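One structure is given below, encoded as structure tokens.
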Amino acid sequence: EVQLLESGGGLVQPGGSLRLTCAASGFNCNNYDMSWVRQAPGKGLEWVSTINRGVNGGTTSYGDSVWGRVTTFRDSSKNTVSLQMNDLRAEDTAVYYCARDRGFDIWGQGTMVTVSS
Amino acid sequence: DIQMTQSPSAMSASVGDRVSITCRASQGISNHLAWFQQRPGKVPKRLIYASSSLQSGVPSRFSGSGSGTEFTLTISSLQPEDFATYYCLQHDSYPLTFGQGTKVEIK
Numbered sequence: 002e003v004q005l006l007e008s009g010g011g012l013v014q015p016g017g018s019l020r021l022t023c024a025a026s027g028f029n030c031n032n033y034d035m036s037w038v039r040q041a042p043g044k045g046l047e048w049v050s051t052i053n054r055g056v057n058g059g060t061t062s063y064g065d066s067v068w069g070r071v072t073t074f075r076d077s078s079k080n081t082v083s084l085q086m087n088d089l090r091a092e093d094t095a096v097y098y099c100a101r102d103r104g105f106d107i108w109g110q111g112t113m114v115t116v117s118s
Numbered sequence: 127d128i129q130m131t132q133s134p135s136a137m138s139a140s141v142g143d144r145v146s147i148t149c150r151a152s153q154g155i156s157n158h159l160a161w162f163q164q165r166p167g168k169v170p171k172r173l174i175y176a177s178s179s180l181q182s183g184v185p186s187r188f189s190g191s192g193s194g195t196e197f198t199l200t201i202s203s204l205q206p207e208d209f210a211t212y213y214c215l216q217h218d219s220y221p222l223t224f225g226q227g228t229k230v231e232i233k
């Protein structure tokens, strides 16, 4: 079965860092664009980042609200994609989903990130 | 950046109603548009891709149309399980952008 499973969320203080990981099963995520999408409590969906397909990691793109503070990368040996988030702010509080392909055909269950002192 | 303007932001409808939701792109995106349904507390689920292609397993009462800058999601006969929030997504160019969402509520 094709699945995505996020992990790594939690409570972090403003200015802190967190790494989220998305583990793919049932397919090779190197063959797909992989994205992160977030949803703040009670709000809509917001695209965060995409790493394009490619054995050597692929090119990356980031949303304006996170640009310069996040990095997306792959671990091909583990079939995972990760989102390293630094200098976290209260407004980064959200459920973070990973999603497959440019059109987001498969989504993970999400992991909650709370930025608060 | 491409802005996606989704309307209405909310609507009340009855079981059996025909419902249409529109997304307008600030510039042409060909057919690089998808529609998602999100029930409360649940993960978004793709309904339509490439503007008008029905995702496998999605009921045929859902349909999509449009190209360029104007797109429509139609539910031909609303069912109780369709009360949810719907989002469009343009994936023509970065930054990828979602519409603001349309909450479909029971009248």
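Read top to bottom, the protein sequences are chains A and B. Residues in the first sequence are numbered consecutively from 2, following my numbering. Residues in the second sequence are numbered consecutively from 127, following my numbering. Glycine included, every Cβ here is placed at the ideal spot set by N, Cα and C. Bear in mind the structure is a predicted one, so any value in this text is a computation, not a measurement.
- By the Cβ rule, the region 16 to 33 of chain A does not count as touching the region 139 to 148 of chain B, because fewer than three pairs are nearer than 8 Å.
- For tyrosine 220 of chain B, there are no CB contacts under 8 Å within the same chain when 5 residues up- and downstream are skipped.
- Taking CB atoms only, tyrosine 98 of chain A has a neighbour in chain B less than 8 Å away.
- Listed in chain order, the non-local C-beta contacts of threonine 211 of chain B below 7 Å within the same chain comprise Gln164, Gly227, Thr228 and Lys229, local neighbours out to five positions each way being set aside.
- Secondary structure note for isoleucine 107 of chain A: it is in no beta strand (DSSP E), with a DSSP letter that is neither H nor E.
- In this structure, serine 83 of chain A places its C-beta atom within 8 Å of the C-beta atom of threonine 22 of chain A.
- Looking at the backbone, the Cα of threonine 60 of chain A and that of aspartate 208 of chain B are separated by about 37 Å.
- Around the C-beta of threonine 131 of chain B, fewer than 16 other C-beta atoms lie within 10 Å, and the residue is accordingly described as exposed.
- Distances from the CA of aspartate 88 of chain A to each of A/Lys44, A/Gly17, A/Phe74 and A/Glu2 were compared; the closest alpha carbon is that of A/Gly17.
- Take threonine 81 of chain A, set aside five residues on each side of it, and the residues of its chain with a beta-carbon closer than 8 Å to its own are Thr22, Cys23, Ala24, Ala25, Cys30 and Arg75, in chain order.
- Against tryptophan 37 of chain A, chain B offers no close residue; the least beta-carbon distance is about 11 Å (beta-carbon pairs closer than 8 Å).
- Its chain contains Val38 and Gly64 as the residues whose beta carbon lies nearer than 6 Å to that of tryptophan 48 of chain A, once the 5 sequence neighbours on both sides are disregarded; these appear in chain order.
- Within the region 42 to 56 of chain A, those residues whose Cβ lies closer than 8 Å to any Cβ of chain B are, in chain order, Gly45, Leu46, Glu47, Trp48 and Thr51.
- The residue from A/Ser78, A/Ile52, A/Gln110 and A/Phe105 with its alpha-carbon nearest to that of glutamine 85 of chain A is A/Ile52.
- Among the CB atoms of chain B, one or more fall inside 8 Å of the CB of glutamine 110 of chain A.
- Think of a sphere of 7 Å around the beta carbon of arginine 103 of chain A: the chain B residues whose beta carbon falls inside it are His217, in chain order.
- Beta-bridge annotation (DSSP): threonine 72 of chain A is paired with A/Gln85.
- Among the bridge pairs identified by DSSP, serine 179 of chain B is matched with B/Tyr175.
- Cβ contact annotation for aspartate 102 of chain A (same chain, cutoff 7 Å, sequence separation greater than five): Tyr33 and Asp34, in chain order.
- For cysteine 30 of chain A, no beta strand (DSSP E) segment is defined, and its DSSP state is neither H nor E.
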